[in-house]
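To start, the structure itself, in structure tokens.
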Amino acid sequence: MKKHFLLILLLACVLQSSWAQEPYDFSAETAEGQTLYYKITDIDNHYVSVVPPTGSLWTGYTKPTGSVTIPSSVTNGGTAYSVTALGNDAFYKCSSLTSATIPTSVTSIGNTVFFGCTSLASLAIPASVTSIGWQAFTNCPSLATMTVEEGNTIYDSRNNCNALIETATNTLIAGTKNTVIPNTVTSIGERAFRGSGLTGITIPNSVAVIEDMAFLDCSGLTSLTIGNSVTTI
Numbered sequence: 748m749k750k751h752f753l754l755i756l757l758l759a760c761v762l763q764s765s766w767a768q769e770p771y772d773f774s775a776e777t778a779e780g781q782t783l784y785y786k787i788t789d790i791d792n793h794y795v796s797v798v799p800p801t802g803s804l805w806t807g808y809t810k811p812t813g814s815v816t817i818p819s820s821v822t823n824g825g826t827a828y829s830v831t832a833l834g835n836d837a838f839y840k841c842s843s844l845t846s847a848t849i850p851t852s853v854t855s856i857g858n859t860v861f862f863g864c865t866s867l868a869s870l871a872i873p874a875s876v877t878s879i880g881w882q883a884f885t886n887c888p889s890l891a892t893m894t895v896e897e898g899n900t901i902y903d904s905r906n907n908c909n910a911l912i913e914t915a916t917n918t919l920i921a922g923t924k925n926t927v928i929p930n931t932v933t934s935i936g937e938r939a940f941r942g943s944g945l946t947g948i949t950i951p952n953s954v955a956v957i958e959d960m961a962f963l964d965c966s967g968l969t970s971l972t973i974g975n976s977v978t979t980i
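Numbering-wise, our numbering puts 796 at position 49 of the sequence shown, and it's gapless, one number per residue.
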């Protein structure tokens with residue numbers, strides 16, 4: 748019994764130690780003088796990801812405000828690192844963030860990266876981005892402009908639609924309050940417009956599927972026209 752107790756106590760100490768570790772390896776200031784936090788993801792190739800500063804996201808830390816330019820590279824301890832990803836929750840509920848410039852070095856945007864950035868007004872996705880996680884732009888009611896750079900092979904914002912479309916499936920996966928759905932879109936993704944600030948929209952006849960909770964938390968939505976080709980809601 749005593750051995751079991753000591754083993755449990757040792758395990759608890761190990762877990763507590765791991766919980767106490769910061770999820771970032773170093774921090775650096777942006778061109779605007781704001782502090783971002785970085786996790787080394789590939790020590791050999793010197794890749795880092797932008798991450799929130801604590802396991803409880805931004806608790807106890809100053810959140811980025813206004814405009815933030817994410818650098819393509821950062822230097823720490825004499826070593827230059829390429830910024831290749833925005834990690835999960837990187838800017839979670841940074842409610843005073845108005846714009847974020849994403850560099851062409853970034854290939855991945857994680858889950859809920861800009862979730863709850865209620866003042867975020869515009870966002871441009873570089874051609875380099877090939878992976879975007881779940882609800883990356885959810886609950887951003889001020890987001891009016893969303894573009895995808897020409898040449899992106901995975902995503903697009905065709906016809907200046909102010910939305911993020913998965914090119915291969917013609918699925919609109921993230922919308923804004925100013926989205927105009929192109930008539931080449933065939934499905935609206937899960938939670939695509941959640942908390943988007945949308946007030947009215949027309950779903951064209953090309954759309955056959957509207958996935959779960961596509962318009963969740965759209966409290967200002969007063970006009971919704973659904974095309975006659977929708978078979979699944």
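No residue lacks a Cβ here, since even glycine has one placed at the ideal position from N, Cα and C. Note that the coordinates shown come from a computational prediction; the quantities given were computed from them, not determined experimentally.
Could you check what DSSP says for N907 in three-state terms: helix, strand or coil?
-> helix
T859 burial status per 10 Å Cβ neighbour count (16 or more: buried) | buried
List the whole-angstrom C-beta distance separating A837 from V797, where the pair is believed to meet the contact cut-off of C-beta under 8 Å.
-> 5 Å
Would you mind stating whether V821 and V815 have Cβ atoms separated by less than 8 Å?
-> no
Three-way DSSP call (helix, strand, coil) for G813 in this model = strand
Compute the Euclidean distance between the alpha carbons of C908 and M893, then round it to the nearest angstrom.
-> 8 Å
Ranges of the beta strand (DSSP E) found wholly within the segment 782-826, counting only runs of at least 3 = 782-789, 794-798, 813-816, 820-823
DSSP puts E913 in a beta bridge; with which residues?
-> Y902, T918
From E712 to G825, what does the alpha carbon distance come to, in whole angstroms?
-> Residue 712 lies beyond the residue range present for the chain, which begins at 748 and ends at 980; the question has no answer from this structure.
Distance between beta carbons of V927 and I950, contact taken as under 8 Å | Between V927 and I950 the Cβ distance is about 11 Å, and since that is not below 8 Å, they are no contact.
In chain order, what residues of the same chain have a beta carbon less than 8 Å from the beta carbon of T969, not counting five sequence neighbours either side?
-> T946, G947
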